[in-house]
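Novice: Right, I'll just put the structure down here and ask away after.
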Amino acid sequence: MSRLVSQRQSFSPRLTAPSYGPYSADDPFASSSSQFSSPRASPRPSDYVERPQRAQRAYQSGSEMRNLTAPPSRRAPAAPWKSRVPRSESSDIFLPTMAYTPPHLDPSIPPSRDNGYVETDSIFSGRSHFDSSAKFGAPVGASTPNPYAHGPTTGALGYEPMGFSQEKPVKGERSCIPTNPTKRRLLFFGVPLLLVIVAAVVVGAVVGTQKNKSSSSSSGGSSGFSDSSGSGSDNSGSGNSDGSSSQDTWSSYITTGSGGDGSTATSDLGNEFTYTNQYGGTWSQNPYEPYSVSGQAQSFSPSLLEDWKWGEHVVRGVNLGGWLVTEPFIVPGLYERYQNTTPKAIDEYTLSQAMGDNLATEMEEHYKTFITEEDFALIAGAGLNYVRIALGYWAVETIDGEPYLPKVSWTYFVKAIGWARKYGLRILVDFHSLPGSQNGWNHSGKGGSVNFLYGVMGIANAQRSLETVRSITEYISQDGIKEVVTMIGLVNEVQGYVVGQDVLAAYYYQAYELIRGITGYGAGNGPIVLIHEAFSGVAAWSGFLSGADRLGLDQHPYLAFATQTTDNHTVQAKTVCGWGGGTNDSSTQFGITIGGEWSNAINDCGHWLDGVDSTPQYESTGTGNCTFWEEWFNWSDATKESVKEYTMANMDALQNHFFWTWKIGNSTEKGYATSPMWHYKLGLEQGWIPKDPRVAGGYCKGIGIGGNQFEGTYPSSAIGSFASTATPTIAAAEIASHSAWPPTALGPSPSYSAAQISLFPTLTQTGTRNVLATATHPANATIGGGWVNSADTTGAWVRVKGCDYPDEYDATAASVPTAVCTGS
1 MSRLVSQRQS FSPRLTAPSY GPYSADDPFA SSSSQFSSPR ASPRPSDYVE RPQRAQRAYQ
61 SGSEMRNLTA PPSRRAPAAP WKSRVPRSES SDIFLPTMAY TPPHLDPSIP PSRDNGYVET
121 DSIFSGRSHF DSSAKFGAPV GASTPNPYAH GPTTGALGYE PMGFSQEKPV KGERSCIPTN
181 PTKRRLLFFG VPLLLVIVAA VVVGAVVGTQ KNKSSSSSSG GSSGFSDSSG SGSDNSGSGN
241 SDGSSSQDTW SSYITTGSGG DGSTATSDLG NEFTYTNQYG GTWSQNPYEP YSVSGQAQSF
301 SPSLLEDWKW GEHVVRGVNL GGWLVTEPFI VPGLYERYQN TTPKAIDEYT LSQAMGDNLA
361 TEMEEHYKTF ITEEDFALIA GAGLNYVRIA LGYWAVETID GEPYLPKVSW TYFVKAIGWA
421 RKYGLRILVD FHSLPGSQNG WNHSGKGGSV NFLYGVMGIA NAQRSLETVR SITEYISQDG
481 IKEVVTMIGL VNEVQGYVVG QDVLAAYYYQ AYELIRGITG YGAGNGPIVL IHEAFSGVAA
541 WSGFLSGADR LGLDQHPYLA FATQTTDNHT VQAKTVCGWG GGTNDSSTQF GITIGGEWSN
601 AINDCGHWLD GVDSTPQYES TGTGNCTFWE EWFNWSDATK ESVKEYTMAN MDALQNHFFW
661 TWKIGNSTEK GYATSPMWHY KLGLEQGWIP KDPRVAGGYC KGIGIGGNQF EGTYPSSAIG
721 SFASTATPTI AAAEIASHSA WPPTALGPSP SYSAAQISLF PTLTQTGTRN VLATATHPAN
781 ATIGGGWVNS ADTTGAWVRV KGCDYPDEYD ATAASVPTAV CTGS
């Protein structure tokens, strides 16, 4: 994630999260500073990646790509602990010498097939949750339990799913041309005439359909969405949204079908592509009964029609960063167009202003092209089963003076729900950008100061944030959608150092009560609620709201923004493995603990990673030159293998994880993606990210890093299981500590007393509910209306009419009002 350097120099949030790990400065690896200096080598050919415009010219000879200007390539020897082992075509890994070969990589074990393609991922079935004596990374004969391994089980990975590789039956030879002369004349002259007539009818029908589509999709940009906004009782979540959708208002390309590896899939835009999934994954859709079908990301991940079992299934996910909340370093080409404008584009707030009258056209073009349905298919084919999607509050609504494009990003989020169902992926929706900004960084919408739960507008911004959470929860808790969107993140990377943990805890409690008031309690009733650890480390939240229903923790440990060093990825992998012990402790004591973001970056190199026009600290501190780390097309095989080791360390230590991010757009100035360590898709194509993420299981044990174990059993309330009561019971002391709202104090500097807070500008619950738009659909399809709980009829939080409010993004220095404004 991009960070403003001036803010981060006084507060280094990335150092706090992993501080509980066992790694120390006394570790012999800590003093190593060996950086790769291998000769430059050109990239391997790829079916997906386009060569950078400024990369050195190369030619292809046979299967070898040679650089015309670089010195002769010298392949660096493999690290001493690695040796290549037999592998299936679906993997590209190295195992430690004498390592136990995982069953899914052992060619001596036949593929597991039983009435189709079946493989479980029951990695927690034994007494010891992470036991690498039976997983990748443990020397043969070893029996020491590994606290991090989460590799595959004894079910072997089949090379082809059953049902999709059978040959088509061959029919006997038979001529379809009549032998009778009269019939031949009818065939040769009558059939073409008939085809002309049919074609004319079809063209007329298509033109009429497209006209109807155009006239019925105005509420959702050009995306064809039905806007059910309003407070009427018809939005109760049962039946069709408002009866206005018809068969002519949805994409004719969304047809009933299914397939597996090698099949032809058609996107909602009509683009045909070959679906590739070597892990038994399938796609499936039925627009007439959309919730009756589901794809399956892999054979070892449950489909959306099956239960996700925490303690058995593993979250292997990727973020779709830069899509519905833009960031300069992720989509530099979008921002580079507006560097000579007023204002200059440095965040989405100023980008929206700079786009001016072109905002709707250009922003929707970005939404439409940066992430597409094909990306979801590729993600499933990469062995991943979850995506984390960032949303800004403008996806739900904006108010006067806010420049963002309102509501259109929501239509693309709804598209994502449909794509995820088709390919069997689950979604974590993350509230990434809150009113007033929760961290002052560019990905919060507007860089600058923190005004969420801080300053004179802190409470009003929090009330508005709760209203956004309410609308999103009402939508994603509907039948058919709740199986796809299974987790919601309340706030992304809030600066706990500024807001204060007690204040943030009070907000978390309010949001939790709001969500469970909508969804009810227990597994299957609405999403898991994730709270960010606010850069305090997961241990700081031990015991918070103990007994709460499906409350999870989100951590984002990065090394990129820590003290810059020349240590390579292999060395720093040991630091990363040290995070595993704290994650295990949190899983045992608190509950579900997610690594919501991580990357391969070990420094802050990358075009605009620290913000527009920023200079990386890696260079400003004299640590090194970023050219090497940005020009991925010159990385040697040794460098790629080192990065892969770091990748596996993160996957192993964080266990349930989401890489940040799926893709980085090309810089128009440089002609290539300049932040490769944040680019999962590129790493997958170029070989520094494993094709099968399961191979990471046991990596940390394999390099000698251990820690406390997690036995695979979460607290029952953490997974929505209540054996003796219908509802969970939160510890009384926790409720007493965090239930006061608004908080009785804000701070730390400036600090405000309860008396001052009582005078702050606040909102009133008299507005119209924000019922979010649903996707258009065939008239006879049954989908929800966007609001699951018909009993939730309270008005929305809105500004009090006749009252003046300070700038929501710049109120930390505003004076406290002398009296409460009651409006006009």
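Position one of the sequence shown corresponds to residue 1 (full-length UniProt numbering), numbered consecutively onward.
Where is the CB? At the ideal position from N, CA and C, for every residue including glycine.
Name the DSSP beta bridge partners of T264, please?
Specialist: As computed with DSSP, T264 is found in a beta bridge with T274.
Novice: State the DSSP-derived secondary structure class of H777, mapped to helix, strand or coil.
Specialist: In the structure shown, H777 falls within a coil segment according to DSSP collapsed to helix, strand and coil.
Novice: Whose C-alpha, out of I476, T266 and L324, is nearest the C-alpha of T774?
Specialist: I476
Novice: Enumerate in chain order the residues of its own chain whose CB-to-CB distance from P748 is below 7 Å, with the five nearest sequence positions on each side excluded.
Specialist: G500
Novice: For D807 and A736, I'd like the C-alpha separation in whole angstroms.
Specialist: 33 Å
Novice: Would you say V484 and I528 are within 9 Å of each other, going by their C-beta atoms?
Specialist: no
Novice: Runs of 4 residues minimum, wholly inside the stretch 436-466: which ones carry the alpha helix (DSSP H) assignment?
Specialist: none
Novice: Apart from the five residues on each side of it in sequence, which residues of its chain come closer than 8 Å, Cβ to Cβ, to Y393?
Specialist: Excluding positions up to five away in sequence, the list reads F431, S433, L434, P435, G445, R464, S465 and T468.
Novice: Who pairs with M487 in a beta bridge, going by DSSP?
Specialist: Its beta-bridge partners are L428 and I528.
Novice: Identify every residue that forms a DSSP beta bridge with L405.
Specialist: L405 is not bridged to any residue.
Novice: Helix, strand or coil for I594 per DSSP?
Specialist: strand
Novice: If I follow the unbroken alpha helix (DSSP H) through I389, where does it start and stop?
Specialist: Run containing I389: none in the alpha helix (DSSP H); it sits in the beta strand (DSSP E), Y386 to G392.
Novice: DSSP puts Q285 in a beta bridge; with which residues?
Specialist: G257
Novice: Since S301 contacts S294 with CB under 8 Å, what's their CB separation in whole angstroms?
Specialist: About 11 Å separates the two Cβ atoms, so there is no contact after all.
Novice: Give the DSSP-derived three-state secondary structure of G517 in the structure shown.
Specialist: In the structure shown, G517 sits in a helix (DSSP, three-state: H, G or I).
Novice: Hey, could you find the ends of the alpha helix (DSSP H) L334 is sitting in?
Specialist: P332 to E336
Novice: Tell me which residues share the same chain as G767 and place their Cβ nearer than 6 Å to its Cβ, disregarding the 5 neighbours each side in the sequence.
Specialist: So the qualifying residues of the chain are G795, A796 and V798.
Novice: Going by C-alpha distance, which of G823, W787 and T818 is nearest C803?
Specialist: G823
Novice: Taking buried to mean at least 16 other C-beta atoms within 10 Å of its own C-beta, is T361 buried or exposed?
Specialist: exposed
Novice: Which ranges does the alpha helix (DSSP H) cover as unbroken runs of at least 4 residues, wholly within the stretch 688-714, from first to last along the chain?
Specialist: 699-702
Novice: Have a look at F329, N358 and T727 and flag the residue whose alpha-carbon is nearest the alpha-carbon of I346.
Specialist: Of F329, N358 and T727, the residue nearest in Cα terms is F329.
Novice: Using alpha carbons as the reference points, say which of G543, E597 and Y335 lies closest to E734.
Specialist: When each option's Cα is compared against that of E734, the closest is G543.
Novice: Check each candidate in Q655, G311 and W419 and name the one with the smallest Cα separation from D268.
Specialist: W419
Novice: Report the three-state DSSP secondary structure of T350 (helix, strand or coil).
Specialist: Helix, per DSSP.
Novice: Buried or exposed, going by whether 16 or more other CB atoms sit within 10 Å of the CB of S614?
Specialist: buried
Novice: P169 by DSSP, collapsed to three states: which one?
Specialist: Here P169 scores only 30 on pLDDT, less than 50, and its place in the model is too uncertain to base an answer on.
Novice: In chain order, which continuous runs of the alpha helix (DSSP H) of length 4 or greater are located wholly inside the stretch 587-668?
Specialist: 617-620, 627-630 and 637-654
Novice: Should I719 be listed as close to the ligand ZN, given that the test is whether its C-beta is under 8 Å from any heavy atom?
Specialist: Questions concerning the ligand ZN fall outside what the structure shown contains, since it holds no ligand whatsoever.
Novice: Does the separation of the CB atoms of F710 and T583 fall below 9 Å?
Specialist: It is a contact, given that the beta carbons lie within the stated cut-off.
Novice: Across which residues does DSSP place A796 in a beta bridge pair?
Specialist: G767
Novice: Can R421 and Y291 be called in contact, C-beta distance under 9 Å?
Specialist: Yes, these two residues count as a Cβ contact at 9 Å.
Novice: Buried or exposed: A380, going by 16 or more other Cβ atoms within 10 Å of its Cβ?
Specialist: The residue in question, A380, is buried, as its Cβ has 16 or more Cβ neighbours within 10 Å.
Novice: Give me the Cα-Cα distance between A819 and K801, rounded to the nearest whole angstrom.
Specialist: 16 Å
Novice: Could you pull out every residue in the same chain whose Cβ sits closer than 6 Å to the Cβ of S409, ignoring the five residues on either side in sequence?
Specialist: L324 and A395
Novice: Mapping DSSP to helix, strand and coil, what is residue 841?
Specialist: The first residue shown for the chain is 1 and the last is 824, placing residue 841 beyond what the model contains.
Novice: Spell out a yes or no on whether the stretch 446-456 and the stretch 512-519 are touching, meaning 3 or more CB-CB pairs, one atom from each, closer than 8 Å.
Specialist: no
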